[in-house]
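The opening residue of the sequence shown carries number 36 in my numbering; numbering runs sequentially from there.
Here's the structure we're looking at; comments come further down.
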Amino acid sequence: MQAFENFTRDELIKRKNELTKEYENYKKQGLKLDMSRGKPCSEQLELSNDLFKYTQNLFSEDGTDCRNYGILDGITEAKRLFAELFDVKTDEIFVAGNSSLSLMYDLMAKAFNHGLNGFEKPWSKLEKIKFLCPSPGYDRHFAITQLFGVEMIVIPMKDDGPDIDMIENLVSQDETIKGMWAIPMYSNPTGITYSDEVVRRLANMKTKAPDFTIFWDNAYGLHHLYDTPDRLLNLIEECRKAGNPNRAYMFGSTSKVTFPGAGVAFMASSKENINHVKKQIAIQTIGYNKINMLLHVRFLKDAANVREHMKKHAEILRPKFEAVLEILDKRLSGKGIAKWNKPRGGYFISLNVLNGCAKRTVSLAKEAGVIFTNAGATFPYGIDPQDSNIRIAPTYPPLSELKTAIEVLAVCVELAALEKVLAE
Ligand SMILES: Cc1ncc(COP(=O)(O)O)c(C=O)c1O
């Protein structure tokens, strides 16, 4: 395909007229497609219908009656399962309710209200707090930091993770930088997995703030699309080796393994951090839903079985991701107006259109009945400085709807680019 820059003005106008016709035809179809959030589809949910079959008795392996109060940090078999899956020790993990996001929110609230382990001065007592936000990233992370009045610093994402030179430089000089967000595996939305070097440097770097904390959101740690998955180094272990054992908290959940909203979430960190946070959580709750933990362990069995279960998710999702990539390739490649990643796992494809064209593209698609995540949502404060990034969430819609939505998107990407080029 010829790049736009080699077109004459007349050729560009001709192309725009052709596309406008195609766009108007889509508009006439009265489409109503929602591509805005990364949810599992019904077929994926069906995979876990047997979860509630295992109610023969509700006693855990050590005889705990899961119907009753007792045990704050999760039943033994749930801790063992998550510890094995995420390569941490059972005394480094806290198994909780359904949402890892609420654990992240909670940790931020604790840092603000009471202080983290060993650093009793709460962040709320400080004049200014800043957080590093690898971007594009997850809008709900940024919403948490914004709610607490934390200043967010955009860190560009590279092919091996966030710009680590920039991070090292910033944290070594500025004591008000108290932490960072990270989605280290099949990142939302870029699909990037952090390289070993980036993980090691995060664990080892000198930080001016002694309580610099990494919120390591491993939401997609099990969500491979292919049989040769990406590999992620264990940050908790690397922090221990580096002599910074309390630097990182890892989060994860079964939201996209079993059921969002009815899964089990966990938080892992050094034993010391977990013991400290346990004392704080003990004031907030007597315990989480142990029955759900028990049913999850009975259904998921062990780490090997979870990996098999995740392959079934991959079989459903792979054709959807590949369909999106095929359409983007067919319609946009070589034109010099868009770039996108080819993720090997996770829930998203990240599309970068010509600078200044993302909002226009998303609004054209909306007018044609196809809703995408708002342009800008993948950046702190909802502001993409380049107005370039669009997050595609291929998991939820049926394949035929997904294909139509991406065809429409491709038309809108090209139309918005032509509008820009012709206006220049
Ligand atoms: C990066 C990331 N973290 C966390 C979540 C939410 O996880 P949970 O359902 O465990 O709260 C999502 C959901 O899309 C996500 O993309």
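C-beta atoms are modelled at their ideal positions from N, C-alpha and C, and glycine is treated no differently.
Taking the C-alpha atoms as reference points, what is the distance between ASN60 and GLY196?
Counting from one through the sequence shown, the residue named residue 60 turns up at place 25. Counting from one through the sequence shown, the residue named residue 196 turns up at place 161. For ASN60 and GLY196, the distance between alpha carbons rounds to 41 angstroms.
Relative to the alpha-carbon of LEU237, which residue among ILE249, GLY226, TYR58, THR228 has its alpha-carbon at the smallest distance?
Taking the sequence shown and counting its residues from 1, the one referred to as residue 237 is at position 202. When only C-alpha atoms are compared, the closest one is ILE249.
Does ligand 1 have a heavy atom nearer than 6 angstroms to the CB of ASN223?
Against the sequence shown, residue 223 aligns to sequence position 188. Checking the Cβ of ASN223 against ligand 1 gives yes.
CB-CB length for ALA403 against LYS62, believed under 8 angstroms
As a working note, residue 403 is residue 368 in the sequence shown. As a working note, residue 62 is residue 27 in the sequence shown. With 8 angstroms as the limit, ALA403 and LYS62 qualify as a contact, their Cβ atoms being about 5 angstroms apart.
Quick one: using the 10 Å Cβ neighbour count with 16 as the cut-off for buried, is GLY65 buried or exposed?
One-based indexing of the sequence shown puts residue 65 at position 30. So GLY65 counts as exposed.
Between the Cα of SER137 and those of GLU119, LEU120, GLU162, SER290, spot the shortest distance and give me the residue it belongs to.
For the purposes of this step, residue 137 is identified with residue 102 of the sequence shown, where counting begins at 1. Of GLU119, LEU120, GLU162, SER290, the residue nearest in Cα terms is SER290.
In whole angstroms, what is the alpha-carbon distance linking LEU93 and ASN223?
Residue numbering aside, residue 93 sits at position 58 when the sequence shown is read from its first letter. Residue numbering aside, residue 223 sits at position 188 when the sequence shown is read from its first letter. Answer to the nearest angstrom: the Cα atoms are 36 angstroms apart.
Is the beta carbon of LEU386 sitting closer than 7 angstroms to the one on ILE441?
As a position in the sequence shown, residue 386 is number 351, starting the count at 1. As a position in the sequence shown, residue 441 is number 406, starting the count at 1. Not in contact: LEU386 and ILE441 (Cβ atoms no closer than 7 angstroms).
At a cut-off of 6 angstroms, would you count LEU136 as near ligand 1, judging by its Cβ distance to the nearest heavy atom?
Residue mapping note: residue 136 aligns to position 101 of the sequence shown, counting from 1. Under cutoff, so the answer is yes.
With distance defined between alpha-carbon atoms, name the residue in PRO420, ASN424, VAL388 nearest to VAL446.
Numbered from 1 along the sequence shown, position 411 holds the residue referred to as residue 446. Cα-wise, what sits closest to VAL446 is VAL388.
Local Cβ density within 10 Å of ILE318, reported as buried at 16 or more and exposed below that
Working through the sequence shown from its first residue, we reach residue 318 at position 283. Label assigned to ILE318: exposed.
Quick check: the Cα distance between PHE407 and GLU96, rounded to an integer number of angstroms?
As a first step, residue 407 must be located in the sequence shown, where it is residue number 372. As a first step, residue 96 must be located in the sequence shown, where it is residue number 61. Cα to Cα, PHE407 sits roughly 46 angstroms from GLU96.
Proximal residues to GLY381 (C-beta, below 6 angstroms), its chain only, five neighbours per side dropped:
The sequence position of residue 381 within the sequence shown is 346, counting from 1. So the list reads TYR221, GLY226, TYR255, HIS258, once near-sequence residues are dropped.
Cβ-Cβ distance between LEU47 and LEU457 below 7 angstroms
In the sequence shown, residue 47 corresponds to position 12, counting from 1. In the sequence shown, residue 457 corresponds to position 422, counting from 1. Contact: yes.
Quick one: is the Cβ of ILE218 within less than 6 angstroms of any heavy atom of ligand 2?
This structure lacks ligand 2; the ligands present are ligand 1.
Identify whether GLU112 lies in helix, strand or coil by the three-state DSSP scheme.
Here residue 112 refers to the residue found at position 77 when the sequence shown is read from its first residue. Helix.
Are any of the Cβ atoms in chain D nearer than 7 angstroms to that of THR430?
The chain inventory of the structure shown lacks chain D, comprising one protein chain alone.
According to DSSP, is TYR221 part of a helix, a strand, or is it coil?
Here residue 221 corresponds to residue number 186 of the sequence shown, with the count starting at 1. Note: TYR221 maps to coil in three-state DSSP.
What does GLU186 pair with, by DSSP beta-bridge criteria?
The sequence position of residue 186 within the sequence shown is 151, counting from 1. GLU186 pairs with LYS165.
Going along the chain, which unbroken runs of the alpha helix (DSSP H) with 4 or more residues stay wholly within the segment 311-341?
325-335
Please state the DSSP three-state secondary structure of PHE396.
If you number the sequence shown from 1, residue 396 lands on position 361. As written in the sequence, residue 396 is Thr, which differs from the Phe given in the question. If DSSP states are grouped into helix, strand and coil, THR396 belongs with the helices.
Could you check which residue in LYS401, GLY296, ALA178 has the C-alpha nearest to that of LYS67?
Position 32 of the sequence shown, counted from the start, is the residue given in the question as residue 67. Minimum Cα distance to LYS67 is reached at LYS401.
Using the three-state DSSP reduction, which class does PHE383 fall into: helix, strand or coil?
Numbered from its first residue, the sequence shown carries residue 383 at position 348. The answer is coil: DSSP assigns PHE383 none of H, G, I, E or B.
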